[in-house]
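In the numbering used here, the protein residues as written are 139 to 297.
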């Protein structure tokens with residue numbers, strides 16, 4: 139929670155110093171929504187564990203947490219790419235930041251694909267395990283698609 143609140147404060151003060159605030163309002167809103175989901179997922183997970191005990195990958199608190207991670211990482215990636223395009227359009231070293239900005243998006247989305255395709259969600263109260271055919275389709279299509287999108291994004295954003 140402290141790290142998420144620190145992220146909110148840093149984003150707010152960084153946003154106030156920008157000259158072109160309109161181009162950064164969308165990424166900051168994405169990050170704030172993601173941070174809200176991350177902060178809310180902790181108490182939600184605590185209540186879930188208190189009521190139902192052990193939970194699996196596809197429990198609602200975990201999906202909330204992963205969704206928050208995806209939104210935060212996409213917001214950060216969009217913000218970094220816009221910042222570089224506005225302030226350092228020809229800097230080669232700044233283009234490496236774009237590759238680093240894509241990595242959290244890749245990690246968070248592969249976490250979502252893993253949650254939707256791995257059978258680790260059968261508990262005493264709920265069976266959230268995905269249907270095997272659905273899991274195979276998600277994993278078979280999802281992982282190559284995420285890798286391809288990451289490579290295409292890094293190529294397009296770095297110019």
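C-beta atoms are modelled at their ideal positions from N, C-alpha and C, and glycine is treated no differently.
TODO: Give the C-beta separation of residue 196 and residue 266 to the nearest angstrom, bearing in mind that I take them to be a contact with Cβ-Cβ under 8 Å.
DONE: Locating residue 196 in the chain shown gives position 58, counting from the first residue. Locating residue 266 in the chain shown gives position 128, counting from the first residue. Indeed they touch by this definition, with Cβ atoms about 4 Å apart.
Task: Limits of the unbroken alpha helix (DSSP H) element including residue 253 - done: Here residue 253 corresponds to residue number 115 of the chain shown, with the count starting at 1. 230-255 is the span of the alpha helix (DSSP H), which, as asked, contains residue 253.
Open item on the list: If you reduce the DSSP assignment to three classes, tell me which class residue 298 lands in.
Closed with: This structure cannot settle anything about residue 298, because the visible part of the chain is limited to 139 through 297.
TODO: Could you tell me which of 181, 284, 201, 211 sits nearest to residue 170, measuring between CA atoms?
DONE: Start at 1 with the first residue of the chain shown, and residue 170 comes out as number 32. Per the Cα distances, 211.
- [ ] Please name the residue, chosen from 161, 234, 245, that lies closest to residue 205 on a Cα-to-Cα basis.
- [x] To locate residue 205, count along the chain shown from 1; it is residue 67. When each option's Cα is compared against that of residue 205, the closest is 245.
Task: Inter-stretch contact (C-beta, 8 Å, three-pair minimum) for the segment 253-271 and the segment 231-245 - done: With the cut-off at 8 Å, the segment 253-271 and the segment 231-245 do not touch.
Task: Among 165, 269, 293, the one whose alpha carbon lies nearest that of residue 253 - done: For this step, residue 253 is matched to residue 115 along the chain shown. Sorting 165, 269, 293 by C-alpha distance to the C-alpha of residue 253 places 269 at the top.
- [ ] Taking only the alpha-carbon atoms, compute the straight-line gap between residue 203 and residue 228 and give it to the nearest angstrom.
- [x] Indexing the chain shown from 1 puts residue 203 at position 65. Indexing the chain shown from 1 puts residue 228 at position 90. Distance between the alpha carbons of residue 203 and residue 228: 36 Å.
Open item on the list: Just to confirm, is the Cβ distance from residue 176 to residue 240 under 7 Å?
Closed with: As a first step, residue 176 is located in the chain shown; it is residue number 38 there, counting from the start. As a first step, residue 240 is located in the chain shown; it is residue number 102 there, counting from the start. Not in contact: residue 176 and residue 240 (Cβ atoms no closer than 7 Å).
Task: Residue burial classification, residue 190 (beta-carbon count within 10 angstroms, cutoff 16) - done: By 1-based counting over the chain shown, the position of residue 190 is 52. That one is exposed.
Open item on the list: Can you tell me whether residue 185 is buried or exposed? The criterion is at least 16 other CB atoms within 10 Å of its CB, across all chains shown.
Closed with: Taking the chain shown and counting its residues from 1, one reaches residue 185 at position 47. Residue 185 is exposed by the Cβ-count criterion.
Open item on the list: Bridge partners for residue 260 per DSSP, in chain order?
Closed with: Sequence index remark: in the chain shown, residue 260 carries index 122 (1-based). Paired residues: 265.
TODO: Can you tell me the Cβ-Cβ gap for residue 238 and residue 222, rounded? I've got them flagged as a contact below 8 Å.
DONE: Taking the chain shown and counting its residues from 1, the one referred to as residue 238 is at position 100. Taking the chain shown and counting its residues from 1, the one referred to as residue 222 is at position 84. Not a contact, Cβ separation roughly 11 Å.
TODO: Answer with buried or exposed for residue 200, where buried requires no fewer than 16 other C-beta atoms within 10 angstroms of its C-beta.
DONE: Counted from its first residue, the chain shown places residue 200 at position 62. Burial call: buried.
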